Each structure stands twice: as structure tokens, then as C-alpha cells.
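**Student:** Just so you know, the sequences run in chain order A and B.
Take 11 as the starting number for the first sequence in the working numbering and just add one per residue.
Take 7 as the starting number for the second sequence in the working numbering and just add one per residue.
Note that beta-carbon positions come from the ideal geometry of N, C-alpha and C, so glycine has one too.
Only a predicted model underlies this, so the values are computations on that prediction, with no experimental measurement involved.
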Amino acid sequence: MSNHKALNMFGRSGNPSLNAQTFANSAKDANFSNYVPAATMTLEGTVNKTGILLALVFISAFYTWSMFFSTGNPATVMPLAIGGAIVGLVLAIVTIFKKQWSGITAPLYAIAEGLFLGAISAIFEAQYPGIVIQAVGLTLGTLASLLFLYKTGIVKPTENFRLMVTSATMGIALLYLVSMLMNMFGSGGIGFIHSNGLFGIGFSLFVVGIAALNLVLDFDFIEQGSEMGAPKYMEWFGAFSLMVTLIWLYLEMLRLLAKLRSR
Amino acid sequence: MDANTIIFGGISLLSLAVFFYLGRFRASSKQTDREDRIDWSSRKFSLWKIFLYSLVAVGGIILLTQFI
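(1) I'd like to know if the region 85-97 of chain A and the region 139-151 of chain A are in contact, where contact means that at least 3 CB-CB pairs between them fall below 8 Å.
(2) Give me the residue from A:Leu185, A:Ser70, A:Thr86 with the minimum Cα distance to glycine 128 of chain A.
(3) Please go through the region 128-167 of chain A and give each complete alpha helix (DSSP H) segment of 4 or more residues, from N-terminal end onward.
(4) Under three-state DSSP, which class holds threonine 179 of chain A?
(5) For the region 138-165 of chain A, list every residue whose C-beta sits within 7 Å of some C-beta in chain B, in sequence order.
(6) Arginine 271 of chain A and isoleucine 106 of chain A: beta carbons closer than 8 Å?
(7) Rounded to whole angstroms, how far is the Cβ of leucine 153 of chain A from the Cβ of phenylalanine 25 of chain B, which I believe are closer than 8 Å?
(8) Output the distance between the C-alpha atoms of methionine 213 of chain A and isoleucine 121 of chain A, rounded to the nearest integer angstrom.
(9) Taking isoleucine 17 of chain B and serine 177 of chain A to be in contact with their CB atoms under 8 Å, please state how far apart those CB atoms are, rounded to whole angstroms.
(10) What's the gap between the Cα of alanine 268 of chain A and the Cα of isoleucine 143 of chain A?
(11) With 7 Å as the C-beta to C-beta threshold (strictly closer), list the residues of the region 7-28 of chain B near chain A in chain order.
(12) Does the beta-carbon of glutamine 137 of chain A have 16 or more other beta-carbons within 10 angstroms, so that it is buried, or is it exposed?
(13) Apply the 10 Å Cβ neighbour rule to threonine 162 of chain A and answer buried if 16 or more other Cβ atoms are within range, or exposed otherwise.
(14) Run through DSSP, which three-state label would threonine 52 of chain A get?
(15) Does the beta carbon of alanine 178 of chain A sit closer than 8 Å to a beta carbon anywhere in chain B?
(16) Is arginine 172 of chain A close to chain B, meaning its C-beta is less than 8 Å from at least one C-beta of that chain?
(17) Proline 241 of chain A bridges to which residues according to DSSP?
(18) Within the same chain, show all residues whose beta-carbon is closer than 8 Å to that of leucine 66 of chain A, passing over the 5 residues directly before and after it, in chain order.
(19) Looking at the structure shown, is alanine 40 of chain A part of a helix, part of a strand, or coil, going by DSSP?
(20) What separation, rounded to the nearest whole angstrom, lies between the Cα atoms of threonine 168 of chain A and proline 89 of chain A?
Take a look at the structure:
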């Protein structure tokens, strides 16, 4: 005895034109397969939202940057820098677990991270003049180059690619955490990862490479999200994930250039 | 404005233009028609494997630092 009332009443249809593929085929015939409802994720929407987040980062970074150069004292910007970093971290965690809130948390994250980046960049710039525009140029150059390589199909992310990049990213995060804990307990941390020797520069180059490969994963996530018609708020989440990677890449570029300059 | 600012400022602006232009287009069929694409909706992505590889990498690097 079937549990379905319709089947009990009418019996299973023997009509060969009614099967699981009926509606899929009719959508194809009517060329509905290209139809995307207004409230789903699009590439254009994600690019626009990335532009908004980039603008917010630049505006809030300019605030702490100009504050540092008007006083010349790092102590004036450090509370904003540390506050921005902590608030940014909290907002990033909230955004990852509550993707529906991305429309609010992602812009706030961009503003908080901008305060942090502006202060850090100003301190680096005071020590090594011209380093910030180099790091910005190299970061955005990497973004454009990898987007081109992804769009043309030269770089093809697979499951193994994701496993490799994610493992390396986690490894780097763990290494930084171990180094920070060792520093806190006065053992000097893991020496060579912060040094300006060949190993230190090699390590920084490796980290920059892994950060850049994370961009490819972000592009693939955004591309597939828009193909599958993900909800509209995923545009903000896609832009947010791109910003997280870009900010990490920029900071690693700054560290690498500082190591090269200090030799 | 010095040469450094002009060169890297130019690279930044050009890269942003490329990003905003290319970003709106779909990836080529070489990218989208592959059988081995990442399945972002899948939940079977092995976190334990990632954690294991990460631990091995970190352990290796910390051991390496003892000999440098």
C-alpha cells in the first residue's frame, strides 16, 4: 500500500511523457536554462560588492594612515589598529558561521580591517619609504593575473588542489600560532620565519604563493555559486572571502618586501 | 611624484581595471566543463586529512628549525 494519496487515487501514471525529466526538458526547450531569477548570486553583483568592500578598506585605512603621519607617533594609532584587528577577527568568524548576515558584517569587517591596515602600513612606510605602494601594486597585480589564469582555464582547481592549498594555509596559521605562543613564553619564537636571511625570505615567498592560490579557490567558489543560483546574500559572502584573502596577501607582501629591504 | 609611485600606482590601477572587467564574464568552457571540478556543496570534504597534513607540515618545519 503506497503512502502517497495521489498514487492511491490515480495509480502510477503510465504516460511515457511524464517522468522525472519532464520539467527539466521543458525548461531546456523553452531556453529557461539561461534564466536566472533576480534574487540569486551573479558574477556582476559579486564584483560590485568586492568594489564596495575595497573602497571601505581604503577609506578607513586612509583615516589611520593620515592620523599616524600627522603625529608621527605610533602610539596614537595602535589602539585603533589593535581594536580594528580584534573587531575584524570577530566579524570574520560571525560572517563564516552566519553567511546570511554577510550584507551587514562584511562591510563592517572591511572598515575594521581598514583601520588596522592603515596603521600597519603607515608604520612600515615610515621605516621603508615607498614600500606600501609596492605591496599594493604587487597584491592587485597578483589578483588580476590569477583571475586571468582562472577565467581562461589555464589554472584548474580540483579537489586535490583544494586539499593542498587548505592544508598549507592551516599549516601556516598553526605555525604563526606556535611562534606567537613561543614568543609569549620568552623562547624567541621560530627564528627563521621572521628573519631576513635566505630561509626567512624563502618562507615568505612560500606564504605569498599559498595566499595567491587561495584567490583561485575564491574565484571558483564565486563562479560556481553564481552558476548554481546561490542566494543573493552569497554575493556579499563571496566578496568577503575575496577580501580576507587579499588582506592576508597584502600583509605577506609587506613582510616580504620589508625583509628584502632590510638586508 | 617619484618613479616608484608612478610604476606601482599604474600597476594597481591597471590591475583593478582588469579585475572589474574580467570579473563580470563567465570562465571559459575549459574551466566550467571539467569533470573534476571542486564540489563546493559537498559535505564530505575531509577536515581530518587537512588537519593531519597541516600538523605534519608544522612539525616538519619546527624540526627543521632545530638544525638551522
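**Tutor:** Let's see:
(1) no
(2) A:Ser70
(3) 141-161
(4) helix
(5) Gly140, Ile143, Gln144, Val146, Gly147, Leu150, Gly151, Leu153, Ala154, Leu157, Phe158, Tyr160, Lys161, Thr162, Gly163
(6) no
(7) 6 Å
(8) It should be noted that the sequence gives phenylalanine, not methionine, for residue 213 of chain A. Answer to the nearest angstrom: the Cα atoms are 30 Å apart.
(9) So it is not a contact: roughly 31 Å between Cβ atoms.
(10) 13 Å
(11) Asn10, Thr11, Phe14, Gly15, Ile17, Ser18, Ser21, Leu22, Val24, Phe25, Phe26, Leu28
(12) exposed
(13) exposed
(14) coil
(15) yes
(16) yes
(17) A:Thr50
(18) Pro117, Ala120, Ile121, Gly124
(19) Because the pLDDT at alanine 40 of chain A is just 48, under 50, the model does not fix this residue reliably, and the value given afterwards should be weighed accordingly. If DSSP states are grouped into helix, strand and coil, alanine 40 of chain A belongs with coil.
(20) 42 Å
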